[in-house]
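Protein sequence lines correspond, in order, to chains A and B. Here the first sequence is numbered in my numbering, starting from -18 and rising by one per residue. Here the second sequence is numbered in my numbering, starting from 181 and rising by one per residue. Using N, Cα and C, we set each Cβ at its ideal position, and we do this for glycine too.
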Amino acid sequence: MIIKTNNFQDILNIAIEKNKRLYEVCEMLEADNSEISTEEVRDRVKHILDSMKSAIKEGLNSEEKSVSGLCGNDCAKLVKKYKDGKSLFSKTYQNVLKYSLATIEQNARMGKIAACPTAGSCGIVPSVIIAIAESLDANEEIQINSLITAGLIGKIISNKLALAGAVAGCQSECGVAAAMAAAGLVEMYNGTNEQIINAAALTLKNIMGLVCDPVAGLVEVPCVKRNAFMSIYAVTGAELAMADIKSVIPIDEIVDAMVQVGEMMSPKLKESSEAGLAATPSGIKITEELADKWNQ
Amino acid sequence: MEKVKTLFDIIGPVMIGPSSSHTAGAVRIGLIAGNIFGEIPSKVRFRMYNSFAKTGKGHGTDRGLLGGILGMDVDNDSIKKAFDNAKKLGVDYEFEYLEDYNRHPNSADIILEHPDLPKMEISGISKGAGEVAITKINGYKFNINGDFDTLILIYKDKPGMVYRVTALLQGQNINIASMHCDRNAKGQEASMGICLDGVLPQYVIDELAKIDEVYLIRNIEMLKK
């Protein structure tokens, strides 16, 4: 049986018809398409979740720089600051921020991470789901439900929008990751299917047009710090949606608009490092210094 | 053929960073190329082009390609130490960094040597999000992306070869997902790449290898994803 699930309305309709939560619909479709059981789908998600937790743990304990030397010790600075006890954030949000930097720095130093949806945006979903699950004492099953919900959001978006900075800019990487995290968080709080979709919609609207302009073409500047920002931003999307605040523009139309904006975006702002931050005097200087270093 | 996306294309793969196209993609190109060659080479030369050449050192593209050749998959912690591992195994490696805008932005040629095997040259591209394709083997066009078990043949071009190969596959009731043939000139050498929906038993591969006109045969397993 092939069920048409090209857009969010299709998925919501199935959920309403079958009286299921979105993660249950996703599990069912995934099991059907891959000819495996829903238990096996959940086992695979658990493996991803475990890898995310390992990346956080390793990242929190490392100050090793990336191959380029451009990043690698910012998470350690946060850890130190929080040991001193001073912060505007509660413990939960401190952890969201720390876990996000821990993961994305682990990526930059050639550590092991789970792409989510991409390597350059790998800190956002795990930091939100894992840090907040810890504070709620949410068990592993709940975390898996949350991660499947996040994955479903990315999967439906990717039916229309290529999740690659080179095709549609960073809106399609860190932007989509934030929408996934927001939706996963609403699932963790047992919000309604509509609230889950709204969390993704509200989050996506606010990152429309985000460019991909990495210095020297590396997944480091601005990607590392952007992961930290986006993690906290995703929490905002979930918070608004759980207050029943609705996106005026339906999510399927938002995704169409992102595709359009991605097509209109100059190729110079799509991972080619020919404009934006990469082309600033400082960006160019770093690029030249690295080229010299590597030509030796 | 557009692959149907699964949940695990979005959450995952578990991989060594920092880039799905420049690191994981490089590992996969190396891994498939190594499987096609069939042995850990004694000598391997990589020609990296364009973005691979420009940003490859910072992204670990060089270590990824080499790690793949040594049999490492995208989540192998040793990718970072691929240079050391190669030295320990006595693999002589070399990288060239080139610009050629007729080539795909993320592409590499891999030239593999081993005392017991004919030298091979394999080219690949990284298409983004960890998706890759082997585009050329010894000058013949292929399109091997690791999504299927793939049978690769290079043989003397003569009538009836496609029938002889596919008849043996049909005997196993294995469906062909896609097939691609190429040749250098009529009556000389030709190539065949066949993506399969099932697993080909070894004895069928042995049967195919017995065909006089077949110079090279490899059955490449699909990538773990």
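Inset, instruction - Give, in chain order, every residue of the segment 184 to 217 of chain B whose Cβ lies closer than 9 angstroms to some Cβ of chain A. - result: V184, K185, T186, L187, F188, D189, I190, I191, G192, P193, V194, M195, I196, G197, P198, S199, S200, S201, H202, T203 and A204
Legend entry - Reduced DSSP category for N0 (chain A) - H, G, I as helix; E, B as strand; rest coil: Taking the first residue of the first sequence as position 1, residue 0 (chain A) is located at position 19. Here N0 (chain A) sits in coil by DSSP.
Inset, instruction - Evaluate Q241 (chain A) with the Cβ neighbour count: other Cβ atoms within 10 Å of its Cβ, from every protein chain shown; 16 or more gives buried, anything less gives exposed. - result: Within the first sequence, residue 241 (chain A) is the residue found at index 260, counting from 1. Its Cβ having fewer than 16 others within 10 Å, Q241 (chain A) is exposed.
Legend entry - Beta carbon proximity, S81 (chain A) to chain B, threshold 7 angstroms: If you number the first sequence from 1, residue 81 (chain A) lands on position 100. By this cut-off, S81 (chain A) is not an interface position.
Legend entry - Under the three-state DSSP convention, the category S108 (chain A) falls into: Taking the first sequence and counting its residues from 1, one reaches residue 108 (chain A) at position 127. Three-state DSSP puts S108 (chain A) in a helix.
Inset, instruction - For K46 (chain A), collect the residues of the same chain with a Cβ closer than 8 angstroms to its Cβ; drop the 5 residues on either side in sequence, then sort them by chain order. - result: Against the first sequence, residue 46 (chain A) aligns to sequence position 65. Hits under 8 angstroms: C52, G53, N54 and R90.
Legend entry - 7 angstroms Cβ cutoff met for A180 (chain A) and A222 (chain A): Numbered from its first residue, the first sequence carries residue 180 (chain A) at position 199. Numbered from its first residue, the first sequence carries residue 222 (chain A) at position 241. It is a contact, given that the beta carbons lie within the stated cut-off.
Legend entry - Spatial distance of D257 (chain B) from N140 (chain A) (CA atoms): Position 77 of the second sequence, counted from the first residue, corresponds to residue 257 (chain B). Position 159 of the first sequence, counted from the first residue, corresponds to residue 140 (chain A). Answer to the nearest angstrom: the Cα atoms are 32 angstroms apart.
Inset, instruction - Closer than 6 angstroms by C-beta to K223 (chain B): which residues in its own chain qualify, once you throw out the five before and the five after it? Chain order, please. - result: Here residue 223 (chain B) refers to the residue found at position 43 when the second sequence is read from its first residue. Taken in chain order, the residues that qualify are D272 and E293.
Legend entry - Under 7 angstroms between C-beta atoms of A36 (chain A) and N174 (chain A): Counting from 1 along the first sequence, the entry for residue 36 (chain A) is found at position 55. Counting from 1 along the first sequence, the entry for residue 174 (chain A) is found at position 193. Contact flag unset, no.
Legend entry - Distance between E270 (chain A) and Q277 (chain A) (C-alpha atoms, nearest Å): Translated into positions along the first sequence, residue 277 (chain A) becomes position 296. Translated into positions along the first sequence, residue 270 (chain A) becomes position 289. If I take the Cα positions, the gap works out to 11 angstroms.
Inset, instruction - Measuring only between beta-carbons, confirm whether T235 (chain B) sits less than 7 angstroms from chain A. - result: Your numbering for residue 235 (chain B) matches position 55 in the second sequence. Yes, its Cβ sits closer than 7 angstroms to a Cβ of chain A.
Legend entry - Close Cβ partners of C103 (chain A) (< 7 angstroms) along its chain, the five nearest in sequence each way excluded: On the first sequence, residue 103 (chain A) is found 122 positions in, with the first residue counted as 1. Around C103 (chain A): T84, I85, N88, I94, A95, A96 and C97.
Inset, instruction - Please list the partners that K260 (chain B) has in chain A, where partner means a Cβ-to-Cβ separation under 7 angstroms. - result: Indexing the second sequence from 1 puts residue 260 (chain B) at position 80. Within 7 angstroms Cβ-Cβ: M91.
Legend entry - Separation of K186 (chain A) from R225 (chain B), as counted between CA atoms: The count along the second sequence starts at 1 and reaches residue 225 (chain B) at position 45. The count along the first sequence starts at 1 and reaches residue 186 (chain A) at position 205. Using only the alpha carbons, I get a separation of about 47 angstroms.
Inset, instruction - Give a yes or no on whether the minimum CB-CB distance between A282 (chain A) and chain B is below 7 angstroms. - result: With chain A covering -18 to 277 only, the question about residue 282 (chain A) has no answer from this structure.
Legend entry - Paired residues, beta bridge with R227 (chain B) - DSSP: Here residue 227 (chain B) refers to the residue found at position 47 when the second sequence is read from its first residue. B:E276 and B:D289.
Legend entry - Beta-carbon proximity check, M246 (chain A) vs G135 (chain A), cutoff 7 angstroms: Mapped onto the first sequence, residue 246 (chain A) falls at position 265. Mapped onto the first sequence, residue 135 (chain A) falls at position 154. Not closer than 7 angstroms, so no.
Inset, instruction - Determine contact between the segment 343 to 357 of chain B and the segment 307 to 316 of chain B, defined as no fewer than three beta-carbon pairs at a distance below 8 angstroms. - result: no
Legend entry - Residue burial classification, G257 (chain A) (beta-carbon count within 10 angstroms, cutoff 16): Taking the first sequence and counting its residues from 1, the one referred to as residue 257 (chain A) is at position 276. Label assigned to G257 (chain A): buried.
Inset, instruction - State the beta-bridge partners of A36 (chain A) as determined by DSSP. - result: Translated into the one-based positions of the first sequence, residue 36 (chain A) becomes position 55. Answer is none; A36 (chain A) lacks a bridge partner.
Inset, instruction - Would you list the residues sitting across from V312 (chain B) in a DSSP beta bridge? - result: By 1-based counting over the second sequence, the position of residue 312 (chain B) is 132. DSSP, once it has assigned bridges, lists B:S306 as partnering V312 (chain B).
Legend entry - Residue range of the unbroken beta strand (DSSP E) whose run includes M372 (chain B): Numbered from its first residue, the second sequence carries residue 372 (chain B) at position 192. That run of the beta strand (DSSP E) goes E369 to L376.
Legend entry - Alpha carbon of L403 (chain B) to alpha carbon of V254 (chain B), nearest angstrom: Counting from one through the second sequence, the residue named residue 403 (chain B) turns up at place 223. Counting from one through the second sequence, the residue named residue 254 (chain B) turns up at place 74. Answer to the nearest angstrom: the Cα atoms are 10 angstroms apart.
Legend entry - Range covered by the beta strand (DSSP E) that runs through R398 (chain B): Residue numbering aside, residue 398 (chain B) sits at position 218 when the second sequence is read from its first letter. Counting along the chain, the beta strand (DSSP E) containing R398 (chain B) begins and ends at V394 to I400.
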